[in-house]
Amino acid sequence: MKESSDEAAQLDKASVDGDTFRSVLGNFASGVVLVTAMLDGEPVGLTAQSFMSLSLDPPLVMFCPAKSSKSWPKIRRAKHFAANILSEGQQHLSSQFARSGGDKFAGVSWEPGPSGAPLVEGVLAHIDCMIDAVHDGGDHDIVVGRVLHLDAETDKKPLVFFRSTFSNLAVQ
1 MKESSDEAAQ LDKASVDGDT FRSVLGNFAS GVVLVTAMLD GEPVGLTAQS FMSLSLDPPL
61 VMFCPAKSSK SWPKIRRAKH FAANILSEGQ QHLSSQFARS GGDKFAGVSW EPGPSGAPLV
121 EGVLAHIDCM IDAVHDGGDH DIVVGRVLHL DAETDKKPLV FFRSTFSNLA VQ
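Right under this line is the structure:
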């Protein structure tokens with residue numbers, strides 16, 4: 001155990017510049033989701049790029065909201081969420097849900113999913129979940145969701161975020 005403690009202390013001294021970290025990791029293309037929930041009869045939501053499948057058995061997904069998010073504590077209290085995978089041309093929704101404050105659902109058509117979480121119309125896919133676990137992830141939380149229901153529109157292309165901008169993906 002002593003060796004790993006010494007190694008951890010040396011790693012703590014190593015520093016990675018935040019701007020460089022963001023620039024290098026920006027080379028990893030990601031999809032964009034709206035994470036939505038219903039709390040006390042009001043819809044809440046946020047935009048996330050850090051979303052992925054985690055397990056087939058049981059079916060689990062994960063996303064990583066910033067601890068500074070005003071929406072994440074509400075979604076956590078709701079205990080259920082929907083990941084709405086955005087399709088090409090829905091950058092405006094990504095921007096709308098990324099803003100702090102205001103009515104993020106203004107002008108957005110949606111219907112409640114099986115858990116009650118808002119399923120946004122026109123997206124590529126919906127994944128309705130219950131929160132299974134939340135883990136510490138530095139300045140973010142790591143949220144594991146147990147999938148309850150899911151559906152996809154196979155005729156749409158995804159909204160892709162790459163090098164700090166939205167891009168189109170050539171799907172063949």
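In this text, residue positions in the sequence shown follow UniProt numbering: the first is 1, and each later residue adds one.
Where a beta carbon is used, it is the ideal one built from N, C-alpha and C, also for glycine.
Helix, strand or coil, according to DSSP, for residue i in the structure here?
{"i": "residue 93", "result": "helix"}
{"i": "residue 36", "result": "strand"}
{"i": "residue 1", "result": "Note on residue 1: pLDDT 48, under 50, position unreliable in the model; no value is reported."}
{"i": "residue 83", "result": "strand"}
{"i": "residue 42", "result": "strand"}
{"i": "residue 18", "result": "helix"}
{"i": "residue 23", "result": "helix"}
{"i": "residue 125", "result": "strand"}
Where does the unbroken alpha helix (DSSP H) through residue i begin, and where does it stop?
{"i": "residue 73", "result": "72-78"}
Determine the closest residue to residue i out of the options, with distance taken between C-alpha atoms.
{"i": "residue 163", "options": "49, 147, 93", "result": "49"}
{"i": "residue 229", "options": "67, 15, 118, 97", "result": "Outside the shown range of the chain, which is 1 to 172, sits residue 229, and nothing can be said about it."}
{"i": "residue 88", "options": "158, 15, 99", "result": "158"}
{"i": "residue 86", "options": "106, 154, 58", "result": "154"}
{"i": "residue 168", "options": "147, 59, 33, 90", "result": "90"}
{"i": "residue 96", "options": "44, 133, 130, 53", "result": "44"}
{"i": "residue 149", "options": "134, 133, 102, 115", "result": "115"}
Measuring CB to CB, does residue i end up less than 7 angstroms from residue j?
{"i": "residue 173", "j": "residue 39", "result": "With the chain covering 1 to 172 only, the question about residue 173 has no answer from this structure."}
{"i": "residue 47", "j": "residue 125", "result": "no"}
{"i": "residue 32", "j": "residue 94", "result": "yes"}
{"i": "residue 136", "j": "residue 113", "result": "no"}
{"i": "residue 62", "j": "residue 144", "result": "yes"}
{"i": "residue 36", "j": "residue 82", "result": "yes"}
For the beta strand (DSSP E) holding residue i, just list the boundary residues, first then last.
{"i": "residue 115", "result": "From DSSP, residue 115 is part of no beta strand (DSSP E); its letter is neither H nor E."}
{"i": "residue 166", "result": "165-167"}
{"i": "residue 152", "result": "140-152"}
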